[in-house]
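Residue numbers (my numbering), protein chains in the order written: chain A, 63 to 391; chain B, 63 to 391.
Presented below is the structure to which this report refers.
There are 2 protein chains.
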Amino acid sequence: MDNNRIMIAVDTQGSDKGPATIVKGACQALQDNGNLIVCLVGDQTVIDEALKGNNAPMDRVRIIHAPDTITNYDHPVQALQRKPDSSLVKALAELRDDPSCAGLINAGSTGALLVGSMMYLSKPGERVRPALAAILPSENGGFTAVVDTGANIDCMPSMLVQFAHQGTQLMKDMYKIESPRVGLLSNGAEESKGNKLVKETHEMLKKEEGINFVGNIEGTNALSGDCDVLVCDGFAGNMVLKTSEGMARRLIKDIVKYAKKSGKMEYMEVVNHLMAVYDFNSLGGAIVLGVSKPVIKAHGAANEASIRNTIKMLMNMAENKKVFVREDN
Amino acid sequence: MDNNRIMIAVDTQGSDKGPATIVKGACQALQDNGNLIVCLVGDQTVIDEALKGNNAPMDRVRIIHAPDTITNYDHPVQALQRKPDSSLVKALAELRDDPSCAGLINAGSTGALLVGSMMYLSKPGERVRPALAAILPSENGGFTAVVDTGANIDCMPSMLVQFAHQGTQLMKDMYKIESPRVGLLSNGAEESKGNKLVKETHEMLKKEEGINFVGNIEGTNALSGDCDVLVCDGFAGNMVLKTSEGMARRLIKDIVKYAKKSGKMEYMEVVNHLMAVYDFNSLGGAIVLGVSKPVIKAHGAANEASIRNTIKMLMNMAENKKVFVREDN
């Protein structure tokens, strides 16, 4: 095998749009990067069928047959134990056991992926609960990593401090930011603002070594670019992520309607412009932090473009040869 | 005094833009509605100066001289006690003591307004902590009341149930909705989703009489129109409000930039269209729920249009002769 080649495991099952979309996105990613090998994990017959007509370079395609699927209706822990032939279990095992496998993308059950990542990819002696980071475009043209966006719903201050470290490492690795600015999501910029969790975390982050803490950030400025890492519990982070997404989608839909109603179809140019920045679906998925190899949770409704972008993101990470945990954790 | 006339107290101090903007907005509201009397509370000299050139119908203007101001830097409770000559204290006293005074608008310290509302306007024997409701335009063309948006940051489930009742009453009164649909903000639509607070509240709302509970609502659909009242703790509600506002403003700014860059100034029509729906600043303020007379907290940076709209909102409420508390509370 060519030494520059990097393999990414792609779980073809569990997504809303079905295996064909996932396979199509993976084939597009193969065209993008000649060093990529995709390891498609799922039902062999379904994958074979999906590969047809995609002109995939078959010397860079591996298939692991896994006829079973873990769905959103399965209990994560039970499913991981009771479905050894599921695509997720086989993909996680491949990622853990094969040194040439550098990352995993999955668009299925978030819970199962998080628990599975912890079960298969914790560093020895470590049981950090993984966090989910979404990297969103900020107003100044850069990116902000929102940590956590939904893996940890009820948090302690120490967990938010952990998110600060994981987010810092992520932005150092991915964007080569020397000292990423860490903001704490709150209901006001003033130090006195926040719920109990935020106030206690604020005090801890002020003193925490290795963290470039810039203070509280309110919702209005969550994605203004005032920080590189936005720390929050998974509930609040999920609000920021989904409210932003919902609002962007709504304004875009509103312009489409306005264009149709007024008959001025040139307004669709505005829509296309906005879609290029604000189509969260195509941005790539949320990154699982705190595990030994890069794992990305793609949107359940991810389209081909999103799968393609997510694989691209994983390739970047793998080429940086970084794992997204603190070495000293 | 004409029997149809309704007086609204307007605190001219404490806003970011100064008394002249507040007075200007009030004068515009006087033009809108011939039954409105405004009671301008603040420094007499400053108000006299601000009134010049606004063509105010002086028979419908009252002035209460209050030379002192409560600012965002003041401790709310201490300021209310130690600044008897402040505009907020005088305005609250006027609202409490004068039966012809039907409402109050203030663009200053939220904390002082909330504590003051509780001190001056609680119903006898009642000490409900007031909640702040923001009424936001929903995607289907209606409105959604988000309760609470920041008055109560650390909440118990019983408080969220109280918000559900207050919001229900508000939407019945303001929009004549017979049985307002109440949604609970969560990180997923499924019943199993939510932090501890949301899960416990969900169980209570399911059984609560007088509440038309439609289940969990996630951030993406917070303002889709899937509910008339969105119940949440003040921290999460503040996130939804401010993230929506920030995102809408950002997309609009982005279109302006795109129009300028491409030289296609016709795109500004799209901007104007969106501004009419999404300019949160002009939507009117947040309503203080749980007090005996309508009180509205205007945005600190409220412009004339916002003050004008907020007074219009208060007039509607006063003309409905409704107070926004449950009678059986």
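Even glycine gets a Cβ: it sits at the ideal position worked out from N, Cα and C.
If you look at THR206 of chain B, you'll find it in the beta strand (DSSP E) that goes 205-209.
Taking the Cα of ASN300 of chain A as reference, the smallest distance to any Cα among B:LEU247, B:VAL318, B:GLU201, B:GLU328 is reached at B:LEU247. For ASN334 of chain B, the number of other beta carbons within 10 angstroms of its own is below 16, and it is reported as exposed. Residue pairing by DSSP puts HIS127 of chain B in a beta bridge opposite B:GLY104. Selection A:LEU113, A:VAL103, A:ALA128 evaluated against ASP147 of chain A yields A:ALA128 as nearest (Cα-Cα). In terms of beta-carbon proximity, THR133 of chain A stays away from the interface with chain B, with every pair separated by 9 angstroms or more. Under the three-state reduction of DSSP output, SER324 of chain B falls in the helix class. As a beta-bridge residue in DSSP terms, VAL72 of chain B pairs with B:LEU102, B:ILE167.
Two segments are said to touch when three or more pairs of C-beta atoms, one from each, lie closer than 8 angstroms; by this definition the region 159-175 of chain B does not touch the region 104-115 of chain B. Three or more beta-carbon pairs drawn from the region 168-181 of chain A and the region 70-80 of chain A are found closer than 8 angstroms, and the two stretches are therefore classed as touching. A contact between stretches requires three or more CB pairs, one per stretch, nearer than 8 angstroms, and the region 225-238 of chain A meets this requirement with the region 286-301 of chain A. Residues of the region 206-224 of chain A with a C-beta atom less than 7 angstroms from some C-beta of chain B are GLY212, ILE215, ASP216, listed in chain order. Between the C-alpha atoms of ALA112 of chain B and ALA118 of chain B there is a straight-line separation of about 11 angstroms.
For the options A:LYS114, A:VAL151, A:ALA164, A:ALA196, the alpha carbon positioned closest to that of ALA174 of chain A is the one of A:VAL151. In the three-state DSSP reduction, ASN334 of chain B falls in the helix class (H, G or I). Taking C-beta separations shorter than 7 angstroms and ignoring five residues to either side along the sequence, the partners of PRO138 of chain B in its chain run SER171, GLY173, ALA174, VAL177, following chain order.
Apart from the 5 residues on each side of it in sequence, ILE317 of chain B sits with its Cβ closer than 7 angstroms to the Cβ of TYR329, VAL332, VAL333 in its chain, given in chain order.
Three or more Cβ pairs closer than 8 angstroms define a contact, and the region 264-278 of chain B meets that threshold against the region 238-252 of chain B. Your pair VAL353 of chain A and PRO192 of chain A checks out as a contact, with CB atoms roughly 6 angstroms apart and the cut at 8 angstroms. Looking at A:ASN274, A:MET218, A:TYR320, the one whose alpha-carbon comes closest to that of GLY245 of chain A is A:ASN274. Contact annotation, ILE369 of chain B with ILE132 of chain B: C-beta distance approximately 18 angstroms; criterion of less than 8 angstroms not satisfied. Residue-level contact by beta carbon holds for ARG312 of chain A and chain B, with a gap shorter than 9 angstroms. The alpha carbon of LYS114 of chain B has as its nearest neighbour, out of B:GLY346, B:LYS86, B:SER241, B:ILE125, the alpha carbon of B:LYS86. Straight through space, the alpha carbons of MET327 of chain B and MET309 of chain B are spaced by roughly 22 angstroms. Listed along the chain, the chain A residues whose CB falls inside 8 angstroms of the CB of LEU303 of chain B are GLY281.
Among the residues facing chain A, LYS359 of chain B is not included, as its CB has no counterpart in that chain under 9 angstroms away. Contact between MET266 of chain A and VAL223 of chain A holds, since their C-beta atoms are separated by about 5 angstroms, short of 8 angstroms. Beta-bridge analysis with DSSP links LEU232 of chain B to no other residue.
Residues of chain B whose Cβ lies closer than 9 angstroms to the Cβ of SER171 of chain A do not exist, since the nearest Cβ in that chain is about 12 angstroms away. Contacts with chain A (Cβ-Cβ distance below 9 angstroms) from the region 305-338 of chain B involve THR305, SER306, GLU307, GLY308, MET309, ALA310, ARG311, ARG312, LEU313, ILE314, LYS315, ASP316, ILE317, TYR320, ALA321, SER324, LYS326, GLU328, TYR329, GLU331, VAL332, HIS335, LEU336, listed in chain order. One finds nothing in chain A with a Cβ atom closer than 9 angstroms to the Cβ of ALA348 of chain B; even the nearest lies about 13 angstroms away. Per the C-alpha coordinates, the member of A:LEU194, A:CYS101, A:VAL190 positioned closest to ALA153 of chain A is A:CYS101.
For ASP295 of chain B, the closest Cβ of chain A is nearer than 9 angstroms. Look at SER162 of chain B: its C-beta is not under 9 angstroms from any C-beta on chain A. Shown here for PRO81 of chain B: same chain residues with a beta carbon closer than 8 angstroms to its own, the five before and five after excluded, namely THR74, GLN75, GLY104, ASP105, VAL108, ILE109, ALA112 in chain order. In the DSSP secondary-structure assignment, ALA348 of chain B is bridged to B:LYS359.
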